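Asker: If you count the sequence shown from 1, position 80 lands on 119 in our numbering, and the numbers rise without skipping.
Mind looking over this structure? Questions follow.
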Amino acid sequence: MTKKLLILLVFLGSFSMQSQNLVWKTNMTDAIALSNEQKKPMLILFTTADAPNNLQNEIFRTPDFAVWSRDNVILVKLDLSDVNVSDTDKEQNMKLKDAFGVNDFPQVCYASASIRKNKTTFSALGKISYKPGGAKSWISESNSILHPSE
Numbered sequence: 040m041t042k043k044l045l046i047l048l049v050f051l052g053s054f055s056m057q058s059q060n061l062v063w064k065t066n067m068t069d070a071i072a073l074s075n076e077q078k079k080p081m082l083i084l085f086t087t088a089d090a091p092n093n094l095q096n097e098i099f100r101t102p103d104f105a106v107w108s109r110d111n112v113i114l115v116k117l118d119l120s121d122v123n124v125s126d127t128d129k130e131q132n133m134k135l136k137d138a139f140g141v142n143d144f145p146q147v148c149y150a151s152a153s154i155r156k157n158k159t160t161f162s163a164l165g166k167i168s169y170k171p172g173g174a175k176s177w178i179s180e181s182n183s184i185l186h187p188s189e
């Protein structure tokens, strides 16, 4: 009986880990504040409604990515096709897309930012797109962007 209960708990635990949702910030001001507070760079996902889902399905929905992202970055999702975003935020998101040189979707940019005298300054750390190879490979490449000296 104890063995069956233990097996059930392990099964349910692994299922809940697979189904956990990531917390994506959609407001850049909130993301910058959290990034500075936690001293973590931002992972900014630039996407649109018609962008391929490979990055989402094969990387972001894995337990490896969930653990890695929780420990290493602040997740920011900027959907450039979202009709519910205010005109001011749309304009800001398009300027960020241009500033980071994003041409293809989806694309991830790593950055940190500081705000001084109501002026935001971004420091781009690098970009990465979807590449076949799974989450571990993608995380390894991301780590080389975030920690180039290691």
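Ideal Cβ placement from N, Cα and C applies to all residues, glycine included.
Bear in mind the structure is a predicted one, so any value in this text is a computation, not a measurement.
Under 7 angstroms, do cysteine 148 and phenylalanine 161 count as touching if we go by C-beta distance?
Answerer: Not a contact, by the Cβ cut-off of 7 angstroms.
Asker: Alpha carbon to alpha carbon, what distance is there between asparagine 96 and isoleucine 46?
Answerer: Caution applies to isoleucine 46, whose pLDDT of 49 falls short of 50 and renders its modelled position unreliable; the value that the coordinates give is listed next. Straight-line Cα distance between these residues: approximately 28 angstroms.
Asker: What number of angstroms, rounded off, separates the C-alpha of aspartate 89 from the C-alpha of valine 112?
Answerer: Roughly 25 angstroms between the two C-alpha positions.
Asker: Can you have a look at methionine 133 and say buried or exposed, based on whether 16 or more other CB atoms are within 10 angstroms of its CB?
Answerer: When all chains shown are included, methionine 133 counts as exposed.
Asker: Taking the alpha helix (DSSP H) that aspartate 89 belongs to, which residues open and close that run?
Answerer: Aspartate 89 -> no alpha helix (DSSP H), and no H or E assigned at all.
Asker: Only counting the same chain, and skipping five residues up and downstream in sequence, which positions put a Cβ closer than 6 angstroms to that of methionine 67?
Answerer: Excluding residues within five positions, none has a Cβ falling inside 6 angstroms.
Asker: What is the DSSP secondary structure of leucine 61, counted as helix, strand or coil?
Answerer: Leucine 61: coil per DSSP, three-state reduction.
Asker: Using the beta-carbon count (16 or more within 10 Å), is threonine 159 buried or exposed?
Answerer: So threonine 159 counts as exposed.
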